[in-house]
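Q: Take this structure, written in structure tokens, and hold onto it; I'll ask about it next.
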Amino acid sequence: MRHMFSQNIRAIFTIVLAAMLLSSCASFREFMGFDTEAQLKFNISSAVNPDTNGRPSPIVINLLFLKDNRQFEQEDLISLLSNASERLGKDVIDTVRLKEFIPGEERIETFKLSNDTAYIGILAEYVQYQDAEAKLILPIEAHTTNKYFVNINKLSMSEKH
Numbered sequence: 217m218r219h220m221f222s223q224n225i226r227a228i229f230t231i232v233l234a235a236m237l238l239s240s241c242a243s244f245r246e247f248m249g250f251d252t253e254a255q256l257k258f259n260i261s262s263a264v265n266p267d268t269n270g271r272p273s274p275i276v277i278n279l280l281f282l283k284d285n286r287q288f289e290q291e292d293l294i295s296l297l298s299n300a301s302e303r304l305g306k307d308v309i310d311t312v313r314l315k316e317f318i319p320g321e322e323r324i325e326t327f328k329l330s331n332d333t334a335y336i337g338i339l340a341e342y343v344q345y346q347d348a349e350a351k352l353i354l355p356i357e358a359h360t361t362n363k364y365f366v367n368i369n370k371l372s373m374s375e376k377h
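Shown next, in the form of structure tokens:
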């Protein structure tokens, strides 16, 4: 009799535990680290963003969290900086303007992303934007932490996954 009571308690406990896990699936995923995140380590060149006299200058970086990258790739920098939401429409999930970077700075920025985020578009506001490669796209994998090293060079950007 006691053995049967013990088995019933275990069965009830298992059912309750399963129900709790199913009802809190999002919380469980978060606890297990299955959210979509991006960790971007920015390395800023000491020669970044030269002004008209060639002196390094602070630079502003804008991030666009995107569902798709095709329209982003086709648009020019000025159009995206002036009105990304209008130019990219439903592809834009969110935008972030980061605090200005100074030459030689290193900084890590971490973002919790929507599971719809498939790309992060990066726009660098170079003084000499006509001569710069000021756009970069980073693919995002859902339900994981996407780690990138982003190098902001004199007049260009590059990434390493």
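The sequence shown begins at 217 in the working numbering and counts up by one.
Using N, Cα and C, we set each Cβ at its ideal position, and we do this for glycine too.
Bear in mind that the values here come from a model prediction, so they are computed numbers and not experimental data.
1) Suppose the cutoff is 6 Å on Cβ atoms and the five residues either side in sequence are ignored; what does the same chain contact list for I277 look like?
2) Closest by CA to N362, which one among N369, A348, F327 and I338?
3) Tell me, to the nearest whole angstrom, how far the beta carbon of S301 is from that of V312; I am working on the premise that it is less than 8 Å.
4) Cα-Cα, which of L304, D267 and T268 is closest to D284?
5) Would the beta-carbon of E253 fall within 9 Å of that of L352?
6) Which same chain residues, not among the five before or five after Q344, have their C-beta less than 7 Å away from its C-beta?
7) If I measure Cβ to Cβ from L297 and keep anything under 8 Å in the same chain, skipping five residues before and after, which residues do I get?
8) From the DSSP output, which residues share a beta bridge with E322?
9) Roughly how many whole angstroms lie between the Cα atoms of T268 and A358?
10) Would you list the one or two residues that DSSP bridges to L352?
11) If we ignore side chains and look at the alpha-carbon of each, how far apart do L354 and Y335 end up?
12) For the candidate residues I228, D251, E289 and I225, whose alpha-carbon lies nearest to that of N331?
13) Out of A348, I228, K306 and E322, which has the shortest C-alpha to C-alpha gap to I294?
14) What residue range does the beta strand (DSSP E) around S301 cover?
A: Let me lay it out:
1) L314 and A340
2) Comparing Cα positions, the closest option is F327.
3) With 8 Å as the limit, S301 and V312 do not qualify as a contact, their Cβ atoms being about 13 Å apart.
4) The shortest Cα separation from D284 among L304, D267 and T268 belongs to L304.
5) No, the pair does not count as a contact, with Cβ atoms beyond the cut-off.
6) Around Q344: P266 and L371.
7) For L297, where only same-chain residues beyond five positions count, the Cβ hits under 8 Å are N278, L339 and E341.
8) For E322, the beta-bridge partners assigned by DSSP are N259.
9) 42 Å
10) I338
11) 5 Å
12) D251
13) A348
14) Where S301 is concerned, there is no enclosing beta strand (DSSP E), although the alpha helix (DSSP H) it sits in stretches over L293 to L304.
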